[in-house]
Structures are given as C-alpha cells and as structure tokens.
Amino acid sequence: MTATAPITQDVLTIPRKAPEGAKNLVGMTRDQMREALIEAGTAEKQAKMRLNQVWQWIYHWGVTDFDVMTNLSKDYRKLLSDNFVIERPELVTKLVSEDGTRKYLVRIAGGHEVEIVYIPEEGRGTLCVSSQVGCTLTCSFCHTGTQKLVRNLTAAEIVGQVMLARDDLGEWPEPGTGTGEDGPRLLSNIVLMGMGEPLYNFENVRDAMKVCMDGEGIALGRRRITLSTSGVVPEIARTAEEIGCLLAVSFHATTDEVRDKLVPVNKKWNIEQLLAALREYPKATNSERITFEYVMLEGVNDTFEDAHRLVKLLEGIPAKVNLIPFNEWPGAPYKRSSNNRIRAFATILMEAGYASPIRTPRGEDIMAACGQLKSATERERKSRAQIAAEAGL
Ligand code: SAH
Ligand code: SF4
Numbered sequence: 001m002t003a004t005a006p007i008t009q010d011v012l013t014i015p016r017k018a019p020e021g022a023k024n025l026v027g028m029t030r031d032q033m034r035e036a037l038i039e040a041g042t043a044e045k046q047a048k049m050r051l052n053q054v055w056q057w058i059y060h061w062g063v064t065d066f067d068v069m070t071n072l073s074k075d076y077r078k079l080l081s082d083n084f085v086i087e088r089p090e091l092v093t094k095l096v097s098e099d100g101t102r103k104y105l106v107r108i109a110g111g112h113e114v115e116i117v118y119i120p121e122e123g124r125g126t127l128c129v130s131s132q133v134g135c136t137l138t139c140s141f142c143h144t145g146t147q148k149l150v151r152n153l154t155a156a157e158i159v160g161q162v163m164l165a166r167d168d169l170g171e172w173p174e175p176g177t178g179t180g181e182d183g184p185r186l187l188s189n190i191v192l193m194g195m196g197e198p199l200y201n202f203e204n205v206r207d208a209m210k211v212c213m214d215g216e217g218i219a220l221g222r223r224r225i226t227l228s229t230s231g232v233v234p235e236i237a238r239t240a241e242e243i244g245c246l247l248a249v250s251f252h253a254t255t256d257e258v259r260d261k262l263v264p265v266n267k268k269w270n271i272e273q274l275l276a277a278l279r280e281y282p283k284a285t286n287s288e289r290i291t292f293e294y295v296m297l298e299g300v301n302d303t304f305e306d307a308h309r310l311v312k313l314l315e316g317i318p319a320k321v322n323l324i325p326f327n328e329w330p331g332a333p334y335k336r337s338s339n340n341r342i343r344a345f346a347t348i349l350m351e352a353g354y355a356s357p358i359r360t361p362r363g364e365d366i367m368a369a370c371g372q373l374k375s376a377t378e379r380e381r382k383s384r385a386q387i388a389a390e391a392g393l
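In this text, residue positions in the sequence shown follow UniProt numbering: the first is 1, and each later residue adds one.
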C-alpha cells in the first residue's frame, strides 16, 4: 500500500435526529451556532450577543432547558425552544469500579452505543472519550477493533460525552454561586483514547475539541487534551495546526514486521513514515512531549532488543513512553508480559533518558481499561482462532 491511499474511511456520520426537526445546539461551532440562531429568526444585529448568552448557558452553566435562561426574554426563549434542543447522548448504564473509575454506556442515533470512561486521580480527573462507534483498524490486541459495526460520531456526540460526564459528576456551577473555578476540577483532562481512531473522524473531533477549549464554556486548555492515534500520518500535522492539543501515538512495536501485525495501519504508513511525521510535529518540545503508547505483550514485543531498538527510534523526538500492561478481554490472542519484564523494559528506556511510566490498569473489574471497550450490542464475538488468524499469528 502507498501513502496516497484514501485516508478517510467509508464510514457514515449520521446526525442524531431531534424531535420534530429541532436542531441540537450542542456540538455546533460558534460560527455554526450564530448562523443557526439567525436562520431561526434572531436579528443579525443581535446575533453576536445572543450567541454569547446561549453559549454561556449551555457550556458554562450546563443547562438543558431554555426556560432557565433568565437573561433572555420569554419570546426569545420560545423562539429557541421552537427551533432547538440541548441534548446529550442517552445514558444507558453506569458502572463504578472498586478504584473509582466510572464507565458510562451511552446510546446515540441509530441505537448505536459507545463507552466513556472517567478516571479520577490525585488532583485531576481524566475523561476518556470515544470518537467512533467501534473502529475500522482491527489492531489485533484491541477489543474495540473486533467490533464489526463502525460509524463516526458527530461533534455533538463527542461534546455530549463530556457534558454527560460533567452532569454525572455534578460539576456545573450553580447559578448565583460563583463559577466554581477555584477548586481542582473533577474533569480536568480529556484523552481521545476511547473507541475509534480520532484521525479518521478529524473534522468532528476538531470541532468538538474547539468547543471544549472555548474559554466561555468548558474551558479546558489545549494542553489538557491528548489525542491518541494509531498512526494516520497525513493527519498528524493538521492535528497540531487545527486542534493544537497534545499527541499520543499507539506505537507498540519496533519493527515493521511486528507492527504490521499489531497495528495493521502500519502497512499503509510504516514506522519510518510515522516517525518522520512525529519529528515534524510542530508542538513537540520538551514541555509538550509526544507520548508513545506501548502495550506489553508477552513474547511479542517485550524483549531487551525491542527496548534498545525503541530507544534508537525515538532519537531526536521529545518523547515519553507509556508502558501499558496488556488488558485481557474474552478471546484475546495475547498475554500480558510479566511485571519483571515490564520493569526491565522500563529501566532500559529510563537509562536512555526517557520517562517511561508503567500504567496501572484502571477499572479492569468493569472492563473499562485501555482496549477493553466494546459496545455491548455489538459484542458478537469472533473466535480466538479467527482473531489469531486475522492477526497473522
Ligand atoms: N484508536 C486510537 C485511540 C485509542 S487509545 C489509538 O489506537 O491510538 C487506546 C490505547 O490503548 C491505544 O494505545 C491502544 O493501542 C491501547 N490498547 C488497545 N487495546 C489494548 C489492550 N487490550 N490492552 C492495553 N492497551 C490496549
Ligand atoms: Fe482502533 Fe485504536 Fe483499537 Fe487500533 S487500538 S483497533 S486504532 S481503537
């Protein structure tokens, strides 16, 4: 395969249908919302002010009901409620792990389901957001990759995940009681590390993250957002330019032979092409290092030679390495490397000057750990043999 192969997969983005044609205001960019307000009858002269007011109600105060927008006249509130809704995806189930991790299963248009994970940590809380239903990329160690049905999420469905988590955490400020910005935030970081390949759904992910970064609303700084890609090379530079967030790469192997099996997109853009794109990532500096994710699979990618090769490959890239002990799922064709092996691997990286934390799996008891996400409705399992065959094992 060549780098000129089409990069946008043939997956549909189906906007959620609101009742009686009313449009969902959630997920619109500022420009889109301004236009929508004008189209619904807002006077052009007032559009900027109205946009600011409505935006604040939705994204700063988190309200879902036009009636509580008390700085708007009754008539204008009626105009809004006749034309629009403020909707999040529908919460189906919520599971809370022994370690405090929360997993939400939500339903979106078409009856599809996606999972979102909230991971509380000392002084911060990270929301792991999905960008697609399933994933077309079939990485052989990833549960999501075994899901057959795939569709892109709309910007509304991506922003909606953040809003739904803030609803559940009770994190919207109470009108009249200040802004709630003085304490540590419960939801302080977003990682695009849920289901799907975010760079195969670039525009929707970009628009959604812009909404989350907007200072008049959810207001998460760009450095609080990390986008993880399996290596969609042509979209990497655009990520820096158009989103400006931090970047993580699912690297997972040190030779093309092994990476072709683990992360099949490597057949389209190999290690050399990927590293060249990362060297050029304009945001990569020592304070904004690129995270290399490396899943530890026993006997597959965890040798000392691998560790030394990895060090060589990283040369010249401000990087840190997240070592992820493999999380098992039913029928998975791999085993987790031993703790000793993972520690020895980490030591080699650290001695070469790379921070290389070993991730503690979070929420394993509720199948919320990395790579375990898969919509319940799509959980028709492939057999172990089928997965192994597809992985070329
Ligand atoms: N599709 C994007 C975003 C998913 S991020 C990507 O692949 O980068 C989720 C991270 O968990 C990725 O690095 C992924 O490779 C890793 N992962 C997938 N399955 C895993 C598993 N079973 N155990 C540990 N990590 C896994
Ligand atoms: Fe898709 Fe990422 Fe899973 Fe690969 S690791 S199948 S790219 S979600």
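Virtual Cβ for every residue (Gly too), placed ideally from N, Cα, C.
| Check | Outcome |
| --- | --- |
| Residues in its own chain within less than 8 Å of I38 by CB, not counting five upstream and five downstream? | E44, A47 |
| For the ligand SF4, which residues have a Cβ under 5 Å from at least one heavy atom, in chain order? | C135, L137, C139, C142, T144, G145, E197, S230 |
| Quickly, what does DSSP pair C128 with across the bridge? List them, please. | V117, V191 |
| If you measure from the beta carbon of T101 to each beta carbon in chain C, is any gap under 7 Å? | Judged by its chain identifiers, the structure shown contains no chain C, having just a single protein chain. |
| Taking all protein chains shown into account, do 16 or more other C-beta atoms lie within 10 angstroms of the C-beta of R34, making it buried, or fewer, making it exposed? | buried |
| May I ask which residues mark the beginning and end of the beta strand (DSSP E) holding residue 395? | This structure cannot speak to residue 395, because the chain is shown only from 1 to 393. |
| Excluding the 5 residues preceding and the 5 following L164 in the sequence, name in chain order all residues of the same chain whose CB lies nearer than 8 Å to its CB. | R88, P89, L91, Y104, V106, I116 |
| Using a Cβ-based criterion (distance less than 6 Å to any ligand heavy atom), does S228 qualify as near the ligand SAH? | yes |
| So what's R222 in DSSP terms, helix, strand or just coil? | helix |
| When we look at the beta-carbon of D75 and count the other beta-carbons within 10 Å, is it buried (16 or more) or exposed? | exposed |
| Inspect the CB distances between the segment 352–365 and the segment 304–323 and report whether three or more fall short of 8 Å. | yes |
| At a cut-off of 6 Å, would you count V295 as near the ligand SAH, judging by its Cβ distance to the nearest heavy atom? | yes |
| Does the Cβ of F326 have 16 or more other Cβ atoms within 10 Å, making it buried, or fewer, making it exposed? | buried |
| CA-CA distance, C135 and N52? | 36 Å |
| Grab me the residues of N286's own chain with a C-beta within less than 8 Å of its C-beta, minus the 5 sequence neighbours each way, in chain order. | P318 |
| Among the residues of its own chain, which have a CB less than 8 Å from the CB of E216, if the five just before and after it don't count? | N52, W55, Q56, Y59, H60 |
| Can you give me the C-alpha to C-alpha distance between T138 and I158, rounded to a whole angstrom? | 22 Å |
| Going by C-alpha distance, which of I119, V26, L80 is nearest M367? | I119 |
| In angstroms with no decimal places, state the Cα-to-Cα distance between P264 and C142. | 12 Å |
| What's the C-alpha gap between R384 and M49? | Only weak support is given to the placement of R384: the predicted model assigns it a pLDDT of 46, under 50, and the value that follows is read from those uncertain coordinates. Whole-angstrom Cα-Cα distance: 58 Å. |
| Quick check on M33: does DSSP put it in helix, strand or coil? | helix |
| Go ahead and label T149 buried or exposed: buried means 16 or more other beta carbons lie within 10 angstroms of its beta carbon, across all protein chains shown. | According to the sequence provided, residue 149 is Leu. The question's Thr does not apply to it. Burial call: exposed. |
| Do the segment 248–259 and the segment 291–308 touch if we need at least three Cβ pairs shorter than 8 Å? | yes |
| Does any heavy atom of the ligand SAH sit closer than 6 Å to the C-beta of S250? | yes |
| When DSSP labels each residue in this structure, what does P198 get in the three-state scheme? | helix |
| Indicate, with yes or no, if the ligand SAH has a heavy atom lying under 6 Å from the CB of N327. | yes |
| Just to confirm the assignment: which complete alpha helix (DSSP H) runs, minimum length 4, are found wholly within the segment 311–354? | 339–351 |
| Should M69 be counted as a contact of the ligand SAH given a C-beta to heavy atom distance under 6 Å? | no |
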